[in-house]
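Peer 1: Residue numbers (the numbering used here), protein chains in the order written: chain A, 1 to 41; chain B, 1001 to 1074; chain C, 2001 to 2115. C-beta atoms are modelled at their ideal positions from N, C-alpha and C, and glycine is treated no differently.
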Amino acid sequence: QRLRAAFHYTVAGLCEEVGQDTGIQFSKQAVAAITEITFKQ
Amino acid sequence: KGFKKETVNKMLQLHFKDDKTRVSGDAVLLMAEILKVFVREAAARGSRQAQTEDLTQVDVEHVEKVLPQLLLDF
Amino acid sequence: EDWGLTTEEFERWNRLYKIEPGDGIKKPIMPQSHFETLGDEERQTESPAEEVHELSLTEWRLAESPFPDFLVDHSDRCRHFISIMDMIEQMRHEEGDCSYEQKIQPYFHWEDVDI
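(1) Quick test of your reading: GLN1051/B and ILE37/A, contact by CB under 8 Å. State the CB separation rounded to the nearest angstrom.
(2) Can you name, in chain order, every residue of its own chain whose Cβ lies under 7 Å from the Cβ of TRP2013/C, other than the five neighbours on each side?
(3) Pick from ILE2088/C, CYS2078/C, GLY2096/C and GLU2089/C: whose alpha carbon is nearest that of PRO2120/C?
(4) Going by the DSSP bridge assignment, what does PRO2028/C pair with across the sheet?
(5) If you draw a straight line from the alpha carbon of ILE2115/C to that of VAL2052/C, how long is it in whole angstroms?
(6) Is SER2033/C closer than 8 Å to LEU1071/B when the C-beta atoms are compared?
(7) Starting from GLU36/A, trace the alpha helix (DSSP H) in both directions and tell me its first and last residue.
(8) Give the secondary structure of VAL1058/B by DSSP, where H, G and I count as helix, E and B as strand, and everything else as coil.
(9) Where does GLN1/A fall in DSSP's three states?
(10) For a minimum of 4 consecutive residues, which ranges assigned as the alpha helix (DSSP H) are wholly contained in the region 1025 to 1057 of chain B?
(11) Strictly under 8 Å for the Cβ-Cβ distance: is ILE2104/C near chain B by that measure?
Put into C-alpha cells, the structure is as follows:
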C-alpha cells in the first residue's frame, strides 16, 4: 500500500501536468484508476 | 515530476523471484522513465476521450474506454 | 467420423453459407492505436477498395465477463485488465471523495516521492 500511495502521488502530479497542457481536469477517481493501472502494469 | 528512483527500485525488488537480484541505477532510471511515459500516455488518452465527448473533466469512464488499447499498446 | 464435411454437408454449406465477394461482408480490422504523447505519425491508410469494419474494444465492455477457461488460463495481462475494469465499475458512481485514495493515503510517506 505504501508503494501505491507513492505511485498515486506521482500519478496525480503527472495527470495535473497533462491537464494543464490540455486544459482538462482529472477526477480523483480517474487518477486512482490510472494509478492502479500503472501499479499493476 | 516523476517516479522516485528508490520507489521504483523497491517496486522492482518486490517482484523479483530471487532476492539476490540487483538492478543497475540506469535500469531503474529507465524503468522510472517508462512508467512516466505510460502515465502521461494514459492521461493524454483519457483527456482526448473526454474532449471528444465535449467534457472538461476526465472521469473513470473515459479511462475505461481507453484502457483496452492502452494495455495492448504497452 | 472424420473431421471434414461430408459431400452433402459441403453442398449445403456451399449453397447456404458460403460468403461470396460483394455480399457486403466487411473485413474486420483492429482499431489503429495512436500515441498521444509520442507523436507517432505512421498511420496506415486502408486501401479504399476494401470494405472494412473497425472493431471496437469498448463497445460491449459493460456486458463482457471473463470466459471460463480450461487448461489454458487467462493471461496476467488479461487478469490485470479485468481487475482494473472491476475497480472502475466500483468507482463509477462515486462523487467527490475517492475511496481508493482514502484507503492508501495513510500509507503515504514524503520520502517515497520526488517533490
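Peer 2: From the atom records:
(1) Actually they are not in contact, since the Cβ atoms of GLN1051/B and ILE37/A sit about 20 Å apart, beyond 8 Å.
(2) LEU2005
(3) Absent from the model: residue 2120/C. The displayed extent of chain C is 2001 to 2115, so no value can be given.
(4) HIS2053/C
(5) If you draw a straight line from the Cα of ILE2115/C to the Cα of VAL2052/C, it comes to about 49 Å.
(6) no
(7) 28 to 40
(8) Note: VAL1058/B maps to strand in three-state DSSP.
(9) In the structure shown, GLN1/A sits in coil (DSSP, three-state: anything other than H, G, I, E or B).
(10) Taking only runs of at least 4 residues, the alpha helix (DSSP H) segments lying wholly in the region 1025 to 1057 of chain B are 1025 to 1052.
(11) no
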